[in-house]
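*Asks:* This is the structure, below, for whatever I ask next.
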Amino acid sequence: MEVEGTFPPLSLSAKFEGSFAYLTVRDRLPTILTKVVDSLHRNKDSFFKEYGKEGIQAEKRAISFLSKLRNELQTDKPVLLLTDNAEDTEAWNEYMGRQQDLMEDGQPVSWFKSSWLYMECYMYRRIQEALNMNPPMNNFDGFKEGKTQSFFESQQAIKCLCTYLQELITNMENMTEMQLRENFLKLLQVSLWGNKCDLSISAGQDNSQRSSPIDSLPDLQRFILVDDSNMVWSTLVAAQGSGSAGKKHARVDIVLDNAGFELVTDLVLADFLVSAGLAKQIRFHGKSFPWFLSDVTKQDFEWTIMQTMAANHKWMAASGAQWKHFMKDGTWSYHDHPFWTMPHEFCDMALDAADLYSTLQGSDLILFKGDLNYRKLTGDRKWEHTVLFDRALRGFQPAPLCSLRTLKADVQVGLQPGQAEKLNSQDPHWMTNAKYAVVQFSGPHRER
Ligand code: F6P
Ligand code: MG
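Numbering of the sequence shown is given in my numbering, commencing with residue 32 and proceeding in unit increments.
What follows is the structure, given as structure tokens:
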């Protein structure tokens with residue numbers, strides 16, 4: 032918890048034995064590395080077919096790199112500067128140097144002694160290094176199978192959702208503002224709970240959505256600990272502008288999290304925003320390489336739209352075709368920036384990724400999906416649960432923003448006095464079991 036006088040509070044870290052960070056670094060991260068090795072093994076034949084002997088040798092070298100990495104992690108070795116020559120190598124090494132300078136008594140930064148956020152991000156970047164160093168492995172996505180599986184196993188729910196969306200669009204013209212608002216809030220919640228279905232919390236175990244996402248909403252309502260959806264709605268309405276000049280071209284940015292079912296929920300929400308005239312432009316932000324098991328890359332984004340379009344289901348296919356059209360005419364666009372795959376807290380963005388910060392400043396509303404984005408918004412620190420979300424953002428305010436997140440890590444701010452204590456007594460794992468969620472807003476429409 033925030034120790035009085037310490038601002039900002041300490042970072043979560045595996046150095047706190049028994050903490051969720053400790054257990055993740057000790058148990059979950061090595062399992063994830065093993066899964067990448069397995070995935071490389073399983074794809075051996077296709078590497079051979081595509082690249083011949085060279086492919087097999089590269090695969091072997093990548094596996095040995097990853098096995099070494101797992102050993103470094105498990106024996107708490109100091110972190111090593113990156114040696115590949117990628118777009119972000121210099122920025123990473125600079126960041127790592129700065130973190131080393133901050134260590135007390137010149138102790139080396141290592142897996143179990145340093146910030147959890149840094150170490151976890153570092154692991155995913157080292158996995159990419161293993162591939163970058165061993166072409167033609169550099170385009171291999173060791174998490175692809177899990178992401179496609181989540182998409183295919185959620186087919187029933189995706190069909191329900193696309194049917195629901197197409198019915199809404201058909202009736203949109205006759206909808207009152209109240210009805211529009213109600214439907215928006217429903218789809219916002221679907222996108223929120225879509226975040227329950229990522230793979231990293233289960234270290235890659237299946238976590239798909241099988242029931243109807245709309246029907247589940249009333250039962251899930253009581254698990255939303257903070258619900259600022261009304262402010263999100265007011266922000267969208269205000270962004271429409273008024274007066275004879277007509278509607279403003281409202282822009283919504285969605286900082287994506289996971290592929291599979293969650294991505295479909297985000298696309299459905301984005302479609303609704305455009306079809307209802309609440310936004311004229313949607314900018315999606317994804318990752319530039321495979322990240323945290325299930326995060327969306329450009330390839331996943333395009334693949335999902337194509338698969339939806341090709342589905343043997345009338346309303347799924349119609350939705351997919353519409354999404355492809357939005358991409359083609361520029362209403363939707365996909366962007367990646369190296370900052371999203373760095374370990375920074377978002378309050379550092381204005382300084383360390385000024386171009387991205389200024390791009391986000393052009394938005395009318397930024398939706399941050401998922402747990403990792405929440406950790407970065409709040410700096411992944413030991414905040415008191417009653418600290419205001421705005422305070423935990425520490426100046427990060429490019430535009431009105433909202434976090435849609437199910438809780439999978441032990442950082443949570445903005446609760447009412449006594450709320451955390453009550454949750455502790457009812458469910459000791461409330462912060463990490465993805466059973467609870469928050470819709471947390473920061474911006475001018477926040478009522479104080
Ligand atoms: O350890 C579980 C974990 O990897 C957290 O570190 C991380 O915050 C979360 O899962 C990823 O969840 P999400 O996909 O919602 O960001
Ligand atoms: Mg994720």
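Glycine is no exception: its CB is placed at the ideal position from the N, C-alpha and C atoms.
Is glycine 445 near the ligand MG, going by C-beta to nearest heavy atom under 7 Å?
*Replies:* Outside the cutoff, so no.
*Asks:* Note down, in chain order, each residue of its chain lying with its Cβ closer than 7 Å to the Cβ of threonine 120, except the 5 sequence neighbours on either side.
*Replies:* Cβ neighbours of threonine 120 beyond the five flanking positions: Leu113.
*Asks:* Less than 8 Å between C-beta atoms, sequence neighbours within five positions excluded: which residues of the same chain meet that for proline 321?
*Replies:* The residues are Tyr155, Ile158, Gln159, Asp172, Gly173, Phe174, Lys175, Thr328.
*Asks:* Do you know offhand how far asparagine 170's Cα is from serine 319's?
*Replies:* Going from the Cα of asparagine 170 to the Cα of serine 319 covers about 11 Å.
*Asks:* If you reduce the DSSP assignment to three classes, tell me which class histidine 356 lands in.
*Replies:* Reduced to three states, the DSSP call for histidine 356 is helix.
*Asks:* In whole angstroms, give me the CA-to-CA distance for aspartate 136 and serine 42.
*Replies:* Going by the C-alpha atoms only, they are around 18 Å apart.
*Asks:* Counting only the same chain and skipping the five closest in sequence on each side, list residues whose C-beta sits under 7 Å from that of glycine 86.
*Replies:* Counting only Cβ-Cβ distances below 7 Å, and skipping sequence neighbours, we find Phe78, Phe79, Pro167.
*Asks:* Around the Cβ of alanine 385, are there at least 16 other Cβ atoms within 10 angstroms (buried) or fewer (exposed)?
*Replies:* Alanine 385 should be labelled exposed.
*Asks:* Examine the ligand MG and report whether any of its heavy atoms sits within less than 7 Å of the Cβ of serine 325.
*Replies:* Answer for serine 325: yes, Cβ within range of the ligand MG.
*Asks:* What residue from Lys108, Gln131, Phe303 has the CA that sits closest to phenylalanine 143's CA?
*Replies:* Among Lys108, Gln131, Phe303, the Cα nearest to that of phenylalanine 143 belongs to Lys108.
*Asks:* So does leucine 480 have its beta carbon nearer than 7 Å to some heavy atom of the ligand MG?
*Replies:* In the structure displayed, the chain extends from 32 to 479; residue 480 sits before or after that span and is not available.
*Asks:* Drop a sphere of 10 angstroms on the beta-carbon of phenylalanine 38, count the other beta-carbons inside from all chains shown, and report buried for 16 or more, exposed for fewer.
*Replies:* Looking at its Cβ environment, which holds fewer than 16 other Cβ atoms inside 10 Å, phenylalanine 38 is exposed.
*Asks:* Nearest to aspartate 284 by alpha carbon, out of Cys433, Ala52, Lys91?
*Replies:* Out of Cys433, Ala52, Lys91, Cys433 has the C-alpha closest to the C-alpha of aspartate 284.
*Asks:* Which of the three DSSP states, helix, strand or coil, is assigned to histidine 368?
*Replies:* Correct three-state label for histidine 368: coil.
*Asks:* I need the DSSP call for phenylalanine 78, collapsed to helix, strand or coil.
*Replies:* Here phenylalanine 78 sits in helix by DSSP.
*Asks:* Considering only the alpha carbon of each residue, which of Ser325, Ala349, Leu324 lies closest to isoleucine 336?
*Replies:* Ranking Ser325, Ala349, Leu324 by Cα distance to isoleucine 336 puts Ala349 first.
*Asks:* Under 8 Å Cβ to Cβ from lysine 75, same chain only, skipping five residues before and after it: list those, please.
*Replies:* Within the same chain, lysine 75 has close Cβ partners Ile87, Glu90.
*Asks:* What is the residue span of the alpha helix (DSSP H) that lysine 108 lies within?
*Replies:* Note, lysine 108: premise wrong, no alpha helix (DSSP H); not H, not E.
*Asks:* At a cut-off of 7 Å, is glycine 401 close to the ligand MG when judged by its beta-carbon and the heavy atoms of the ligand?
*Replies:* Answer for glycine 401: yes, Cβ within range of the ligand MG.
*Asks:* Quick check on the burial criterion: 16 or more other C-beta atoms within 10 angstroms. Buried or exposed for proline 374?
*Replies:* Buried is the call here.
*Asks:* Taking its Cβ as the centre, do 16 or more other Cβ atoms sit within 10 Å of phenylalanine 332, making it buried, or is it exposed?
*Replies:* When all chains shown are included, phenylalanine 332 counts as buried.
*Asks:* Tell me whether proline 475 is buried or exposed, calling it buried when 16 or more other Cβ atoms sit within 10 Å of its Cβ.
*Replies:* The residue in question, proline 475, is exposed, as its Cβ has fewer than 16 Cβ neighbours within 10 Å.
*Asks:* How would you write the range of the alpha helix (DSSP H) that valine 68 sits in, first residue to last?
*Replies:* 60-73 is the extent of the alpha helix (DSSP H) around valine 68.
*Asks:* So what does DSSP say about asparagine 202, is it helix, strand or coil?
*Replies:* Correct three-state label for asparagine 202: helix.
*Asks:* Starting from alanine 468, follow the beta strand (DSSP E) in both directions and report where the run begins and ends.
*Replies:* Unbroken beta strand (DSSP E) run through alanine 468: 468-473.
*Asks:* For serine 260, which residues in the same chain have their Cβ closer than 7 Å to its Cβ, ignoring the five residues on either side in sequence?
*Replies:* The residues are Leu216, Leu219, Val470.
*Asks:* Nearest to methionine 347 by alpha carbon, out of Leu391, Gly361, Val286, Leu298?
*Replies:* Of the candidates Leu391, Gly361, Val286, Leu298, the one whose C-alpha sits nearest the C-alpha of methionine 347 is Leu298.
*Asks:* Do you know how far the Cα of aspartate 360 is from the Cα of aspartate 58?
*Replies:* For aspartate 58 and aspartate 360, the distance between alpha carbons rounds to 46 Å.
*Asks:* Alpha carbon to alpha carbon, what distance is there between valine 221 and tryptophan 461?
*Replies:* Their Cα atoms are separated by approximately 20 Å.
*Asks:* Among residues of its own chain, excluding the 5 on either side of phenylalanine 303, which ones have a beta-carbon nearer than 6 Å to its beta-carbon?
*Replies:* Closer than 6 Å at the Cβ level, and outside the excluded window around phenylalanine 303, lie Leu218.
*Asks:* Can you tell me whether leucine 424 is buried or exposed, with buried defined as 16 or more other CB within 10 angstroms of its CB?
*Replies:* Counting Cβ neighbours within 10 Å, leucine 424 comes out buried, since at least 16 surround it.
*Asks:* At a threshold of 7 Å, does asparagine 124 count as lining the ligand MG (C-beta to nearest heavy atom)?
*Replies:* No; taking the cut-off as 7 Å, the Cβ of asparagine 124 has no heavy atom of the ligand MG nearer than that.
*Asks:* Based on Cα-Cα distance, which residue from Ala440, Leu446, Asp402, Thr437 lies nearest to arginine 422?
*Replies:* Looking at the Cα atoms, Leu446 is the closest of the given residues.
*Asks:* DSSP three-state label for threonine 339, please.
*Replies:* Looking at threonine 339 - three-state DSSP - the assignment turns out to be helix.
*Asks:* Since lysine 400 is in the beta strand (DSSP E), which residue starts that stretch and which ends it?
*Replies:* From DSSP, the beta strand (DSSP E) with lysine 400 extends over 396-400.
*Asks:* Give the straight-line distance between the Cα atoms of leucine 64 and serine 98, rounded to the nearest whole angstrom.
*Replies:* Between leucine 64 and serine 98, the C-alpha separation is close to 8 Å.
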